[in-house]
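Heads up: the structure comes next, in structure tokens.
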Amino acid sequence: MDKHLTRACSLLLLLAALAGCANRVVTSGPAQAVATAVPATSAALATPVPTLPPTAAPSTATPEPPTATPEPPTATPEPITGDLALPRGSLTQRPFAVMLDNHPDAYPQSGMSGAVIVFEALAEFGITRYMAVFAPGISPELSEIGPVRSARPYYVEWAKGLRAIYTHAGGSPEGLLLAENAIEIINNDALRGVSGPYFRRSGERLAPHNLYTDSANIAAFAASRSVETPDLSEIGFILKPEAPADQRSASQRLSYFFIYREAYVGWSYDPSSNNYLYFRGAKPDIDRSTGQQLRFKNVVVMEVPEAPIPGDPKGRIEQQVLGEGNARIFRDGTMIEATWHKDAGFAQLRFYAADGSEVPMNPGPVWIAAIPFMDNLTVEGGS
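Counting from 1, one number per residue, gives the positions in the sequence shown under this note's numbering.
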């Protein structure tokens, strides 16, 4: 019995010991392994947050303007020029338009070889008169121009289109009235007191064929009037280059008359100089100032209707120079059919081809003859 009691006590002591062990905290190996099994957030398993690059601060600098690509240089065509050429837009001063005597007692005249334009038309009784146009800066300074004669209204109309200093000695009633009232010109009448000092009489000839002036005196008269220079940009001609020597006609001759066939004048073409030489009948027409025959690069013959002025005691005529009519232009030994046109007094006389384009002139002086009928013109040779 004691034996059994002793065993029972031992068993109870063992159970008490085991119960105490179960309530103690153990930190040794097996417990630590269990603790590490608890899930935890790991850097390797976390979703990365995208990082944006830093935004640059806006620039306050002014942007440079774009650099233009330079254009390649272009050649500027040289203007067409020549001795006594009057290209359109070249005038900086008013031209001088001087009425010149063409009576036999006035031969030879002085200064016409320095003109850029000469107009030739009837005065009366079959005698013609010239209006020679000189351009300051283009024409030479002439020490003698004349003999100076009287005005006619149709010459004044041509001078108006040129804004000229219209220089004359008296005139027909119609010519004087128009010259005195035309605002387009400066009227320089030798028979008026204001103009008289700018002219002189020559003792070598009898009046009225002995009145002369010169470039300096005309310019001085114009300066004394203190008149503003008008717009001259439309005055002059369109020019073309002269034809090469191998493209010129070998010869050409033209002649025309105004009333009397025997009182003809003419031009003979010289291909070597590309000039037309002026003849009075069969004789060369000489400029007294130079001793040389007159020669022009361009000759224009235009048809202008005319009629006697009713009741005029001196047989003066009127000419229809406003409007248009037939013309023939001679240059380079060739003839061009054209139309002359001047629609108003202030407009310059122009010449147009059949296609409506303006006919260009050779670079040089232009002679313009106004005849009553184109049948009075004869042309030989040329093309």
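Just so you know, even glycine gets a beta-carbon here, dropped at the ideal spot from N, CA and C.
Legend entry - Coarse secondary structure for Ile238, derived from DSSP in three states: Numbered from its first residue, the sequence shown carries residue 238 at position 238. Three-state result, Ile238: coil.
Inset, instruction - Check whether the Cβ atoms of Trp340 and Ala327 lie closer than 7 angstroms to each other. - result: Counting from one through the sequence shown, the residue named residue 340 turns up at place 340. Counting from one through the sequence shown, the residue named residue 327 turns up at place 327. It is a contact, given that the beta carbons lie within the stated cut-off.
Inset, instruction - Would you kindly work out how many angstroms separate the C-alpha atoms of Asn102 and Tyr130, rounded to a whole number? - result: Position 102 of the sequence shown, counting from 1, holds the residue named residue 102. Position 130 of the sequence shown, counting from 1, holds the residue named residue 130. Rounded to the nearest angstrom, the two C-alpha atoms are 7 angstroms apart.
Legend entry - Buried or exposed by the 16-neighbour rule on C-beta atoms within 10 Å, applied to Val300: Start at 1 with the first residue of the sequence shown, and residue 300 comes out as number 300. The residue in question, Val300, is buried, as its Cβ has 16 or more Cβ neighbours within 10 Å.
Inset, instruction - With a 10 Å radius around its C-beta and 16 neighbouring C-beta atoms as the bar for buried, classify Phe125 as buried or exposed. - result: Locating residue 125 in the sequence shown gives position 125, where the first residue counts as 1. Burial is judged here by how many other beta carbons sit within 10 angstroms of a residue's own beta carbon; Phe125 has fewer than 16 and is exposed.
Legend entry - Ala123 beta carbon less than 7 angstroms from that of Tyr166: Here residue 166 corresponds to residue number 166 of the sequence shown, with the count starting at 1. Here residue 123 corresponds to residue number 123 of the sequence shown, with the count starting at 1. For the 7 angstroms CB-CB criterion, Tyr166 and Ala123 do not form a contact.
Legend entry - For Tyr155 and Lys342, the rounded distance between their alpha carbons: For the purposes of this step, residue 342 is taken as the residue at position 342 of the sequence shown. For the purposes of this step, residue 155 is taken as the residue at position 155 of the sequence shown. Taking the CA atoms as reference points, Lys342 sits about 13 angstroms from Tyr155.
Legend entry - Contacting residues, own chain, Cβ-Cβ under 6 angstroms from Pro208 (five flanking each side not counted): Sequence index remark: in the sequence shown, residue 208 carries index 208 (1-based). Hits under 6 angstroms: none found.
Inset, instruction - Answer yes if the segment 79 to 95 comes into contact with the segment 260 to 273, meaning at least three C-beta pairs across the two stretches below 8 angstroms, and no otherwise. - result: Contact between the segment 260 to 273 and the segment 79 to 95 is not established, with fewer than three Cβ pairs separated by less than 8 angstroms.
Legend entry - Cα-Cα separation, Lys283 to Phe237: Within the sequence shown, residue 283 is the residue found at index 283, counting from 1. Within the sequence shown, residue 237 is the residue found at index 237, counting from 1. Roughly 30 angstroms between the two C-alpha positions.
Legend entry - Beta-carbon proximity check, Val429 vs Pro365, cutoff 7 angstroms: Nothing about residue 429 can be read from this structure; the chain reaches only from 1 to 383.
Inset, instruction - Could you say if the segment 370 to 380 and the segment 278 to 295 meet the contact criterion of at least three C-beta pairs nearer than 8 angstroms? - result: No: the two stretches stay apart, fewer than three of their Cβ pairs being nearer than 8 angstroms.
Inset, instruction - Leaving out five residues on either side along the sequence, give the residues of the same chain with a beta carbon under 7 angstroms from the beta carbon of Gly291. - result: For this step, residue 291 is matched to residue 291 along the sequence shown. For Gly291, where only same-chain residues beyond five positions count, there are no Cβ hits under 7 angstroms.
Inset, instruction - List in chain order: all unbroken alpha helix (DSSP H) runs of 4+ residues lying wholly within the segment 77 to 147. - result: Those alpha helix (DSSP H) runs which fall completely within the segment 77 to 147 and span 4+ residues do not exist here.
Inset, instruction - Use the C-beta contact count for Lys314: other C-beta atoms within 10 angstroms, 16 or more gives buried, fewer gives exposed. - result: Within the sequence shown, numbered from 1, the residue matching residue 314 stands at position 314. With fewer than 16 other Cβ atoms within 10 Å, it is exposed.
Inset, instruction - Output the boundary residues of the alpha helix (DSSP H) element that contains Lys342. - result: Within the sequence shown, residue 342 is the residue found at index 342, counting from 1. Note, Lys342: premise wrong, no alpha helix (DSSP H); beta strand (DSSP E) at Thr334 to Lys342.
Legend entry - Exposure label - Val227; buried when at least 16 CB within 10 Å: Working through the sequence shown from its first residue, we reach residue 227 at position 227. Counting Cβ neighbours within 10 Å, Val227 comes out exposed, since fewer than 16 surround it.
Inset, instruction - With a 10 Å radius around its C-beta and 16 neighbouring C-beta atoms as the bar for buried, classify Gly171 as buried or exposed. - result: Translated into positions along the sequence shown, residue 171 becomes position 171. Buried.
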